[in-house]
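In my numbering, the protein residues as written are 8 to 189. Note that CB positions come from ideal geometry on N, CA and C, so glycine has one too. Reading through the structure tokens given below for one structure.
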Ligand code: ADP
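Shown next as structure tokens:
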């Protein structure tokens, strides 16, 4: 199976992840799982207090960078939230591995919990300042690689909040598809 085929289970949309009807949505959390601004704040506001209660009860010590934890979705349409901790961009080679690892951790939770459809935001490219041009291909390649070995996942939708983020992912996806088409 070529990467072209793998990516037919990846979708890109511009929008608000809190409105998604996938079984799970990803959150760009911080390692204390303390809530914050950006997509984290939006998800906690939309999902309600049960998300934070769930985090405090089950993960009181937080979550290391590059890992993820799962909670219920509270008032969200999604049944689960995958709270992933991406790296704060430092410009060092380990950034890329930690970013890829954060997506893989979410996907692994999907496999463990029988979750077939998930939506992800662009982890680390907001307050954590990961350059979009570097982060988009890492996110897409990591998901595409996971999907090749995990047919149980039917759909991964990237929900990109603004047009610049959407454009960066669109361009990165075209590069990945173009390289493996023909
Ligand atoms: P990080 O700290 O990991 O960088 P941020 O929340 O600051 O996380 O930013 C990650 C991305 O999430 C940014 O592209 C930001 O524009 C985007 N974002 C913010 N709110 C939402 C939302 N409601 N739905 C989807 N993406 C969002």
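Buried versus exposed, by CB contacts within 10 Å (16 or more), residue i
i	result
residue 9	In this prediction, residue 9 scores a pLDDT of 47, lower than 50, which makes its location untrustworthy; no coordinate-derived value is stated.
residue 61	buried
residue 65	exposed
residue 41	exposed
residue 24	buried
residue 189	Residue placement at residue 189 cannot be trusted, given a pLDDT of 49 that sits under 50; what the coordinates show is reported in the next sentence. Answer is exposed; the Cβ neighbour count stays below 16.
residue 157	exposed
residue 55	exposed
residue 151	buried
DSSP beta-bridge partners of residue i
i	result
residue 164	18 and 126
residue 79	87
residue 92	36
Reference residue i; option with closest CA among the options
i	options	result
residue 22	65, 118, 183 and 173	173
residue 43	19, 180, 133 and 145	133
residue 107	145, 167 and 78	145
residue 180	149, 55 and 26	149
residue 135	78, 47 and 68	47
residue 129	101, 170 and 153	170
residue 71	77, 86 and 91	91
residue 141	152, 94 and 50	94
residue 17	78, 131, 183 and 162	162
residue 122	110, 32 and 166	32
Beta-carbon proximity check, residue i vs residue j, cutoff 9 Å
i	j	result
residue 81	residue 97	no
residue 143	residue 103	no
residue 76	residue 164	no
C-beta neighbour in chain B for residue i, strict 9 Å
i	result
residue 56	Here there is only one protein chain, and chain B is not present.
Review point. What are the uninterrupted segments assigned as beta strand (DSSP E) that are 3 or more residues long and contained completely in the region 15-47, given in chain order?
Key: 17-21 and 31-36
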